[in-house]
Structure formats: C-alpha cells, structure tokens
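Undergrad: Protein chains in written order, with our numbering: chain G, 35 to 371; chain C, 35 to 371; chain F, 35 to 371; chain P, 35 to 371.
#1: At a Cβ cut of 8 Å, what residues of the region 262-294 of chain P count as close to chain C, listed as they run along the chain?
#2: Residue 43 (chain P) to residue 258 (chain G), Cα distance in whole Å?
#3: Considering only residues of the same chain and omitting the five flanking positions on each side of residue 92 (chain G), which have a CB-CB separation below 6 Å?
#4: Within 10 angstroms of the Cβ of residue 56 (chain G), are there 16 or more other Cβ atoms? Answer buried if so, exposed if not.
#5: Return the first residue and the last residue of the alpha helix (DSSP H) that residue 307 (chain G) is part of.
#6: Does DSSP classify residue 133 (chain P) as helix, strand or coil?
#7: Residue 123 (chain C) bridges to which residues according to DSSP?
#8: Which parts of the region 157-211 of chain G are runs of the alpha helix (DSSP H), unbroken and 4 residues or longer, counting only runs that do not cross its ends?
#9: For residue 223 (chain C), which residues in chain G fall below 8 Å Cβ to Cβ?
#10: Check the Cβ-Cβ distances between residue 243 (chain C) and every residue of chain F, and say whether any is below 8 Å.
#11: Please confirm whether residue 102 (chain G) has its beta-carbon closer than 8 Å to some beta-carbon of chain P.
#12: Please list, in chain order, the chain F residues whose beta carbon lies closer than 7 Å to that of residue 250 (chain P).
#13: Can you check whether the C-beta of residue 130 (chain F) is within less than 8 Å of a C-beta belonging to chain C?
#14: Of the residues G:268, G:278 and G:153, which one's Cα is nearest the Cα of residue 116 (chain G)?
#15: Please state if the CB of residue 225 (chain P) and the CB of residue 166 (chain F) are separated by a distance shorter than 8 Å.
#16: Using the beta-carbon of each residue, which ones in chain C are nearer than 8 Å to residue 317 (chain F)?
#17: Indicate whether residue 149 (chain F) and residue 191 (chain F) have their beta-carbon atoms separated by less than 8 Å.
#18: In the structure shown, what three-state DSSP assignment does residue 72 (chain P) receive?
#19: What does residue 257 (chain P) reach in chain F if we use C-beta pairs closer than 7 Å?
#20: Would you please state the rounded distance, in angstroms, between the beta carbons of residue 214 (chain C) and residue 199 (chain C)? I believe it to be under 8 Å.
#21: Check the Cβ-Cβ distances between residue 363 (chain P) and every residue of chain G, and say whether any is below 8 Å.
#22: Grab the span of the alpha helix (DSSP H) containing residue 109 (chain F) for me, first residue to last.
#23: Does any residue of chain F have a CB that is nearer than 8 Å to the CB of residue 445 (chain C)?
#24: 8 Å is my cut-off, CB to CB: does residue 70 (chain F) come that close to chain P?
#25: Return the first residue and the last residue of the beta strand (DSSP E) that residue 334 (chain P) is part of.
#26: Beta carbon of residue 129 (chain G), beta carbon of residue 371 (chain G): below 8 Å?
#27: Does residue 313 (chain F) come within less than 8 Å of chain C when only Cβ atoms are used?
#28: Anything in chain G within Cβ reach of residue 247 (chain P), meaning under 8 Å, just list it in chain order.
#29: Here's the rule: buried if 16 or more other CB atoms are within 10 angstroms of the residue's CB, otherwise exposed. What is residue 220 (chain G)?
#30: Cutting at 8 Å between CB atoms, please list the residues of its own chain near residue 318 (chain P), excluding the five before and the five after it.
#31: State the DSSP-derived secondary structure class of residue 260 (chain F), mapped to helix, strand or coil.
#32: Would the region 290-300 of chain G and the region 248-255 of chain G be scored as touching if the rule is three or more Cβ pairs under 8 Å?
#33: Which residues in chain C have a C-beta closer than 7 Å to the C-beta of residue 308 (chain F)? List them in chain order.
#34: Using a Cβ distance threshold of 8 Å, determine whether the region 268-280 of chain P contacts the region 71-89 of chain P, with at least three qualifying pairs required.
#35: The alpha helix (DSSP H) that contains residue 317 (chain F), what's its start and end?
#36: Do residue 227 (chain P) and residue 238 (chain P) have their CB atoms nearer than 8 Å?
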C-alpha cells in the first residue's frame, strides 16, 4: 500500500500516518519527492482497508499494491486448476460445452432439449429451476419440480447438471440434485450465499456480475475458496455498458486477463453476453479463440414459446452448427471439444 | 408493445406474429410504412416478455410502451405516499435526516455517535450490524450483538433505527430490532429477500443497485409492493460509471425523475454517492435542492479508526454544519428539516 | 510515479528498471516488500508516459502519483480565478446565468428569446451558429449568418455572447463575433482546436466530453492554458452512463470535486445534463447548491418548433421560475445571482 | 416513429400531435390502448428529430422505428462492400493485417519496423505522424516529416500506408502521402473532418469513438458516404466502461453486429482494445473468429523506448506469432490471411 500525502502536508501529519502504520504492525518506507511525500506500507496489506489511511489528515489518496485476492491468484497457485466432475475435466485441454434451456418448463421440453444438445456434442446440461426475474409478474421457475426433472434428465442422458441456486438456505437442497451449483450474475456479491457455497464440496460456476470488475469477480471466488471449497469455475457473461444495441457487452478481454491472473477455469456465456441469438455463435467462437475453457449456451426447441430468454436461445440445428464451429476453433488453438 | 418487422419480412411472417398476438389474448394493430411494417399489441403488456416476440421470424425488435411497474407508478397512485414511522413522516413536507456510523463497532462508539447526531438534528439513527464486504478478510459486522446495541441506542435516544438486512432468512430477526429495514445496493435484485420484505409490514429503505437503472429500482420496489408491503422508501446512492475520481457517481437526475415517476419517498445517500467526505456536504445540499425527501449520512466520531467506510464518514462537527446547510436549502425550496 | 514489479521479478529486471529511471534523469527509491518490490521514481513525472515503464520486463504496473495537470491545478494556483467578460465576473461571488436557444434559427427567434431571457435575469446570451449534429441529414446551423445575428442581439440587449466553435480554422472568425468561445463536448479532445484557442485571449467555455473523466477535462484545459490563454471556464454537462431514462447523467459530484482540484470557474449545463426540460430546473438548483459558479440553459419561445434540442428547452415562463429558484438557492449558500 | 402519449393525455393534445404530423408531410396512424394512446408517424422519419414531438404537450416519449443511417445500411446495400487499395481487397475473403509503430519516431525506427512486419505477413503499414495526445506535454508526432518517412517506407517495402488525419484542413496534405486516411477515436464525431473526408476519394479507416454506440459509428460513416466517398472501413478499438483492469473494453459483440447492420468492412484494433500487449494476440484471434475483415496492430522493435503506446505494442517476434495464430483462425472460419 502506498500513501500519497497532500502537496502541503505537514511534518506532523506525516508523523501521524507513520505512527498509524506502526500501530497496525506494519513497517513504513518514506519517500520525499519534489511535490509530494509518499509513504510505503510494508507487509501483507490485504486485511486493511485503504480508507483506514485515506481519512487521516494530510492524506491525498491511498494506492493498493497487492491484488486483494490470494487463494484465487496465480502468484500462489501457478498451475491451472483442473476440476473433475463426473468424469469430465474442466480447465484442462478439453473445451467444455454446457447447454440447455434457460428455464426448465416441462418434462417434455427438458427431455427434448437434453436429447438434442447431447446429440450435438454438449457434455453438461444446463437448466434453471429457481429463476431470478426482474419483474414480480414474470415466470419464476418450477422450483423443486424443476430440480427433479433435471435429475431425471441426468439419469436418462448421463450428463452432469448445472443449475442456479439463489439463496444460502437453498444450497443443500439444490446440491442434492445438481452436479454444479451456479451463482447468477445478480448474486455474485450475495455474500451469505458465497459463504454457504464455500462450505459445500460441490463445484461452483460463479458468474460475473453485470456491474462487477474482474477484481471483484476474483474476490467473490476468494469468498468461496477461503471457506474451504476449491472447485470454482468463473464465468464471463457480459457487462453493462452504455451500448444498448446488445443486451450486454461481452468482455472478451476478461478471458485472457483472467487466465493470466488466476488458476481457476474460465467459461464463457455468449447467450447472456450478447442477448441476441444471431450473435451467439460468432461470440462463442471468439471466446474459445481467446482462451476460454468452455462455453455455456441457451438452447430451446421452440424459442418463441420459451418462458424466459427466448431471444437469446438457439434452436438445436443452430446449436449443432455452433459446436462444429467451436470444434474447428479449438483445434486452431491446440485444444479439442 | 410495438413489434417492428424486418425490412424484408414476408406476409407469412407478419401473419404468424399476428396469430401469436391473438393466441396470447391481445388485439393487433397493423401499420405498414414505406420501409417497415409495425404491429401494435393492444392490452396490458406487463406480463409478457418482449423476447416472446423478438424470437419470431421476421421480427427486428420489440419496443415496450408501458412502464413495467404498476403499483409503484404515479399513474396509478398520483398523490405522494407519506410513510409514518414512530411519529416521523417520510415523504411529506419535512426533510428527514438519517445519520450514524457505517458499522456498529462497540457500545461506546454507537452511543457517542448517536448522541452527537441527535444533538446535530438527525431524526433517524443508522448503523450496520450485518455488513456486506467485498473481501472475505474484512470486518463483517457484529451481527446480533450489533442489533442489540442499536435497540439500546433507540431506547436511550428515542430515534427510530435503520439497519441493513442481507438475507431473507434474517428478515424476522432484524425486524425485531429495527424500525426500518434497509436493502443494500448489492442486494437490490436479491429477489428472495425482496419477496420476504414484501410479507412484513416494516418500512423498507431500498437502495438502488450501483449499476441498476431507475426502472429496475422501481421494479425492485414493485416486488415488495406486490407482496403486500406498501411502506417502501427509495434511496439514490450513486451509480458506477467510467469516472474513477469518485467512488460512485451520484445520479442527481434520478431524484426529480423518481419524484415524477413514482409516489414513493426518495432519500439521498451522499456518503456512498461520493465516497469522499469532502464532497458529502455539497452533494447533500444538491440532493435536497433537487427535491429529495431526506438524506442518510455516515458519521463517525473517529473516522480514522472506523472498521469500514472511514473515508466517507463525517466527524460530528462537520455533520452539524451539514445539517445547518440542509436547513437553509430546505427553506429555499419551501420545506423544513 | 511508483513502479510495481511482478511477484517473480528477478534482480536483473529490477536493475534494468532502475537504470532506465536514471537514464531519464530521475532518482529511484526502492522498497522491497514481502511479495513485491516497488520502485519510486523521484522527480516531475508529468512528461513521462507510465507506459514507458510498463513495457519493461518484470513490471506489473505503474501508478502515477502526481496529477498530470499543473497550470489548472490548485496546488500551483490556490486562489480562485475570476474571469472578467465585458463587466461580468465569472468565478466570484455572483452566480452567472447564461441562456438562449440551442441554435440560432432566425432573427425573430433570436431577438424574441434574447429579450425574454434578459427580462428573466440572464446575463450572458447563448446560441449556436455552427452546430455539431449526429446526423448528416439534420439542421447544421446558420453559420456566419448566425454569428451576425448573435452580434446584433449583443448590440441590442447588451449581453455578452457565448457560441460554439467547432474547428481550429474557424477560431478567428468566431472570435470576431463572440465574447466567449465554447468548445462542445464532442470536441473536448480536438487538440488542434484547443491549441488554437490557447493562442487567442478570448474567454473559453470548455465543456466536458460526454465520456471524459474529470482529469481529462483538466488536461484539456491544460492544453489551452499551456498555450497562453488563462481565461478558461469549465462546464459539467452530463456524462454517458448505462442509465437510459435520461439523455445523460449530470455528474453533480464533479462540481465540488473540480472546485477542490482547480482554480478555474465551473459552470453547469442542466439542459444537456438531463435532456428533459422537466428535470432542468431541479438539477439547476442542485448545481448551485453544490457550488457551481453559474449555469447555462437552453430557452426557446416555441420549443416544439425548435430545429434542435427542443426536448430540453425551457419556455421563457419556466425559465423565469428557474431564475427565481436559483436566486433563493444562491442566497442559501451565501452567494447571489 | 411512434409517439407514446401520456396516461392522461387529452383529446386536444392528441389532435395537436396529429396536426403536427400532417404539417410535416407525414401520415398518422392512431392506436388507442387501455392505458396509452400511441401514434405512428408514416414516412421516412430520418430527417426529423424525435425531440420535435417530445416537446409537445401530452407526449411521454418518442421511439424511432428506422435506423437513422441509410447509405451505410445493409437494407439498402445487401452485398458486402469490397474496397480495393493498391491491389489489396478489404472486405472480401482475405483477412487483412495492418501493422506498424504507434508513432513514426525516426527513419531507422520506421524502416526497421516496416521490414519486420512485412516479413511477418502484414500487408498494410500503419504509423502516426500527427498524434492526438491527452497531455500537452507529451510527444505530438513528427508531422510532415513523419508523412515523408511513411512514403519512403511505402516505396521501399511496397505496402500501402494508413495514417491518422486530425483536422479537416490537413486532409489534402495527408492524402498526398497516405493510401488510407485514419480517423481517430477522439475525432469520430469531428463533423468538419468527416465532411472533408467525404469529399476525397481516398479510403477511410473510421475508428469507433471510445464513448460511441454502434449506431453513432454508422452515423459517422453516413457523413462520409453522404458527401460522396464510398470507401469507408469501420474499426472497433474498444470502448470505455467501468472496468479499469484493461485500458478499454474490446466490444467483440460489435463485430458480428456491424456485419449484420452494414455492408462496410470491419477491422479490429486489439492494441487499443486492450491496452496491454499480453492480451493483444488472444483478442486478435477472437476478432477474426467473430468475423472481422482484418486487424490493425501496433508493433515496435523497442517498445520500452516507444514515444507513445509502448505498453500495448508487440515486439516483432510476438507479432509474427500473432500472424501465425490469425492464419489458423482464419482457416477455421473459411478465410485466409
């Protein structure tokens, strides 16, 4: 941590900052420039809030030096984490394809879609039972019934299931039915949920909040890791920007950046990342070309009658083309689907 | 809802859209322009997702006509809602001042701050017992102990208490100690929490998410209102933008815009809205000048030793100046503190 | 400037960074922490680009310590700059009101509006002759004819004129007719224009770019100041954010922040800052409450027939109410209109 | 254009809107819903500003139906535009690689880099002679001398030259030396520059503003096209968002979206799009995978001593790897480098 003093900071103000540094058990390192004095804080700064110093008289601002995450960092875990889930490995050489409907709507809809995505090459089945919806008047998901249908699809098609859990009190229930617990974008900083997930041993697919920085995503992962669960996958799903022509802006930079900063696997969600089915396949190709370890895609046999997210769902035939495209891109970057 | 067809949409595609409109129980209204056909959907569009039509062949885009919220709207409730809390009225002529520490840290800290803010003119005491923190390594609040201290401060200083509740399972506990239940910005779309709050009769202070639109804020209020609780206050607390010189960008436009769109009271939080104590007072003045019904401010007797949010906390003397400033501004706009 | 080395930076990499620091004529200041080495660069860092060091092997990132602006900074010019224009002082105790139509459309329109805003209390007349328009098919302004009409209005109503100049080659022409040269938001980083304005002695009203930081605004001012023109006024006119309910988001925080960082006067533009006439007056009040030195407002006698910006223009009667409101707020903060 | 009337709009207000529609030479199409009346405006709405109606009494908002661009639109020009430049075709099956230094710094630097990028497979040489710089204290480019060196490099290495032109009065000068005229991001809405470029016949590389929507980019292209120059290439170079871990956020969605909306070629700039050399190659791969017609990349033989943009410049060996990567991705999507 580096503390930048104001232009006109007095010697007494500087001394008080140094005293505070010592009081917290750190060493100081003073550097007097022509226009400013800056003071280094030597030690593991992670537990201290920069505001602790910002409020002191004479301080202009405080700059963190270390990333605030540790367990998620490549500095402390240089090799890639490979997460094994029912015989599938995420984060290794294979590119993983997760697909299925946004919401589980009925047995028929789920089974038909599961059969189609399996046939096209998907290895994990997605589907929502508990749905976060912006409007209280919209379809909220089938709940427990949806979980039971997902388990049935798992048994029939032998695909691991990924589904969202929305509240800490539901973690143990959802964990009975799902193979991967998904944290939705709006819950990325639901800290009681993250805490509860840290205490299971189920793999977690942690979606980036639509308003969250890469650093905040890694801090959310740190919550889960620090409570004991090491099986965390990150998911880039688009961020909110000023551009309104697409539902979100898929942050392609985040893929290679995350691979540099962390050892955790990175999955791309081009369905939410674009919000328009016509853009899903090119952005899926881009994500794999940029180094993503897999994709998660919404597929619906009859999107016009989907109860949610129809506009970004692919029909099975389009999805099969997407998988073929991805396969060629994966080869071009030395991987395989 | 207006459906805009593609340039080259066929008659059959148009017919299928119209058929779908009828199937949903709506009437259509077709308008053929030179370059595009557009189709109006006549009826209460709120329960339908625009995506339902976006996915149909030949459709370019779908435009909502009605605001998706109803109970929160001034259209359906033209006069201001005035919320009574222990003898205080929020949303009427009086400008409300809520103040206190970010976190409850100890009895001494809380009582000292409560005495100071009461003396300066605050009418509601704020303080956090459950704290959402970005880092798992940071202070997470005193929990139940904090609630007990808040109640003690209530009894001593006769001020209603506002404090955050972070999860649906904590609502009934927090409601035993607090007079106003606060929803934090990161939880604005925690739908299970909103649902639970809708089933209490406690007043709710709903903070705008840091990357939520005004419409999404009103939809979050709609969740609470539609589940039966009409005592909702909205809070503008700054949004996330590209500007990094301040912690957030206080959206001053949102104050008069909300007063126009909704009957619910609007509170301003200049502490989070700026993140810098030197900017809190001018932005508080601005919020009242723009028509806010009150402010919520972080005050700490020793901000340098605050366990959270020190940089944006005012010392009691500065807070007393703020209240004086606000009083003059309130008079200038025909109100009173 | 502080250079943060990577976790695993070698001694040789550190030595090369230090050698580069010396080669540029600076002194180094090395600090070895537990996890990172950081190296301070001692001297006036303004002329060096941080990228100069970021590219060196072993460097993780580079943090600026000094603000990159100097002439615009309060550190070097602590007292407020007060700019005199034809007997009016901007930046002193008086709050300045600039008003007029978005575009000059005709003699009748301009004279009628000038009379009305003068009557209501405005002291400077605004009006666009050269108009930047997003669409090549929209009205582009009257050009020279517009300038002549503005001069005529000046002579008739004895109000200084502010009007936009869009290109460096037009500066001398516009300067013959106008008293204040306005730089539009889209030209804030048109460096050849800024350079040319630095070589005149006419006052400049520099609008913040719609996606420019406060620091970039001050750097744009620095361009003008460093080429010799000290008469620069800054203008906050709203920034682009994710919120679409208003045309822009007026950054109220920027007002007190600018007053803290710079000695230059700060004007608020609530017309562009909101884009909706119904929000202009409350946001104008807010800006003055926050410490702005003046406002610039679009007024049109017949906004429905304005050739540009009708939706954010006030009719004269509404503008007169605005001036009354502003007068009361100015008094409440110890100033006058 | 669709005009949405307020909830409580009167018959007279509706009649006045209709009268105004007729006065402008359009037909109306009225639709009375349960809660709102909406009025369609039939005709080519492009020349009218929505604000023209927004300001009328009783109007809630106005929704555009048609895209405001026409010449740039695929609706009016369905097949891809292929732009021929000295024997190279941009927008056809071949993926174009433009590369070179950010700034021309010296003959030696330019010739060395030109030789290296040619050897690695680049077909167009980039280099800045006039440089837009945020700071007045930074290197501003060699100007005319830089143009002469670029021409010399052209003659020696037989590569077309792309370089930035910053002001309308420089267009004819730069056109004497360059084969492609680049409009920088900060000048995307410098309308006098766009106008001047529309009157040349030189190919233009139009960079998206860092704060501009895809629609605004297409409107900027429309300026050039509508003034007579049809040889426009668009360039996605990253937008400004809340994320600060990268210099910009490369908007990968914009690539397939632009290919859908327009017939003009689309080039990707992963150097500015990321701002970090370590991310340039993966994002270049992604852009080609998403359908870009080419890339433009900054290459420097000694980035640590670059006078600008060092941090995002690739050394020649890394650039050669990038070209190899791109070649494989191009094949995977059925194209070639």
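C-beta atoms are modelled at their ideal positions from N, C-alpha and C, and glycine is treated no differently.
TA: Working from what's here:
#1: Within the region 262-294 of chain P, the qualifying residues are 274, 275, 276 and 278.
#2: As a working note, residue 43 (chain P) is residue 9 in the fourth chain. As a working note, residue 258 (chain G) is residue 224 in the first chain. Looking at the two C-alpha atoms, the distance is approximately 54 Å.
#3: Stepping through the first chain from its first residue, residue 92 (chain G) is reached at position 58. Only 39, 40, 43 and 47 meet the Cβ criterion.
#4: Counting from one through the first chain, the residue named residue 56 (chain G) turns up at place 22. By the 10 Å Cβ count, residue 56 (chain G) comes out exposed.
#5: Taking the first residue of the first chain as 1, we reach residue 307 (chain G) at position 273. Here the alpha helix (DSSP H) through residue 307 (chain G) covers 304-308.
#6: Within the fourth chain, the letter at position 99 stands for residue 133 (chain P). Note: residue 133 (chain P) maps to strand in three-state DSSP.
#7: As a working note, residue 123 (chain C) is residue 89 in the second chain. DSSP, once it has assigned bridges, lists C:118 as partnering residue 123 (chain C).
#8: Fully enclosed alpha helix (DSSP H) runs of 4 or longer: 178-191 and 205-211.
#9: Counting from one through the second chain, the residue named residue 223 (chain C) turns up at place 189. Residues of chain G passing the Cβ test: 166, 168 and 220.
#10: As a first step, residue 243 (chain C) must be located in the second chain, where it is residue number 209. Chain F contact via Cβ: absent.
#11: Stepping through the first chain from its first residue, residue 102 (chain G) is reached at position 68. No, residue 102 (chain G) lies away from the interface with chain P (no Cβ there is under 8 Å from its Cβ).
#12: The residue you call residue 250 (chain P) lines up with position 216 of the fourth chain. Chain F residues near residue 250 (chain P): 168.
#13: By 1-based counting over the third chain, the position of residue 130 (chain F) is 96. Not flagged as an interface residue toward chain C: residue 130 (chain F), since no C-beta distance is shorter than 8 Å.
#14: Mapped onto the first chain, residue 116 (chain G) falls at position 82. Comparing C-alpha distances from residue 116 (chain G) to each of G:268, G:278 and G:153 shows the shortest one belongs to G:268.
#15: Mapped onto the third chain, residue 166 (chain F) falls at position 132. Mapped onto the fourth chain, residue 225 (chain P) falls at position 191. Contact: yes.
#16: For the purposes of this step, residue 317 (chain F) is identified with residue 283 of the third chain, where counting begins at 1. 286, 287, 290 and 324, listed in chain order.
#17: Mapped onto the third chain, residue 149 (chain F) falls at position 115. Mapped onto the third chain, residue 191 (chain F) falls at position 157. In contact: residue 149 (chain F) and residue 191 (chain F) (Cβ atoms closer than 8 Å).
#18: In the fourth chain, counting from the first residue as 1, residue 72 (chain P) sits at position 38. Three-state DSSP puts residue 72 (chain P) in a strand.
#19: On the fourth chain, residue 257 (chain P) is found 223 positions in, with the first residue counted as 1. Here the neighbours are 170.
#20: Sequence index remark: in the second chain, residue 214 (chain C) carries index 180 (1-based). Sequence index remark: in the second chain, residue 199 (chain C) carries index 165 (1-based). About 10 Å separates the two Cβ atoms, so there is no contact after all.
#21: For the purposes of this step, residue 363 (chain P) is identified with residue 329 of the fourth chain, where counting begins at 1. Judged by the 8 Å Cβ criterion, residue 363 (chain P) is in contact with chain G.
#22: The sequence position of residue 109 (chain F) within the third chain is 75, counting from 1. The continuous stretches of alpha helix (DSSP H) do not include residue 109 (chain F), and DSSP gives it neither H nor E.
#23: Because residue 445 (chain C) is not part of the residues shown, which for chain C are 35 to 371, the question remains open.
#24: The count along the third chain starts at 1 and reaches residue 70 (chain F) at position 36. False, the Cβ-Cβ gap to chain P never drops below 8 Å.
#25: Along the fourth chain, one-based indexing puts residue 334 (chain P) at 300. According to the DSSP assignment, residue 334 (chain P) belongs to no beta strand (DSSP E), since it is labelled neither H nor E.
#26: Mapped onto the first chain, residue 129 (chain G) falls at position 95. Mapped onto the first chain, residue 371 (chain G) falls at position 337. Contact flag set, yes.
#27: Indexing the third chain from 1 puts residue 313 (chain F) at position 279. For residue 313 (chain F), the answer is yes, since a Cβ of chain C falls inside 8 Å of its Cβ.
#28: Against the fourth chain, residue 247 (chain P) aligns to sequence position 213. Within chain G, the residues near residue 247 (chain P) are 276, 277, 278 and 279.
#29: In the first chain, counting from the first residue as 1, residue 220 (chain G) sits at position 186. Around the Cβ of residue 220 (chain G), a 10 Å sphere holds 16 or more other Cβ atoms; the residue is buried.
#30: As a position in the fourth chain, residue 318 (chain P) is number 284, starting the count at 1. Closer than 8 Å at the Cβ level, and outside the excluded window around residue 318 (chain P), lie 302, 304, 329, 331, 356, 359 and 360.
#31: Sequence index remark: in the third chain, residue 260 (chain F) carries index 226 (1-based). DSSP places residue 260 (chain F) in helix when its eight states are reduced to three.
#32: With the cut-off at 8 Å, the region 290-300 of chain G and the region 248-255 of chain G touch.
#33: Within the third chain, numbered from 1, the residue matching residue 308 (chain F) stands at position 274. In chain order: 287.
#34: Taking a cut-off of 8 Å for Cβ pairs, the region 268-280 of chain P and the region 71-89 of chain P do not touch, as fewer than three such pairs fall below it.
#35: Within the third chain, numbered from 1, the residue matching residue 317 (chain F) stands at position 283. From DSSP, the alpha helix (DSSP H) with residue 317 (chain F) extends over 311-324.
#36: As a working note, residue 227 (chain P) is residue 193 in the fourth chain. As a working note, residue 238 (chain P) is residue 204 in the fourth chain. Not closer than 8 Å, so no.
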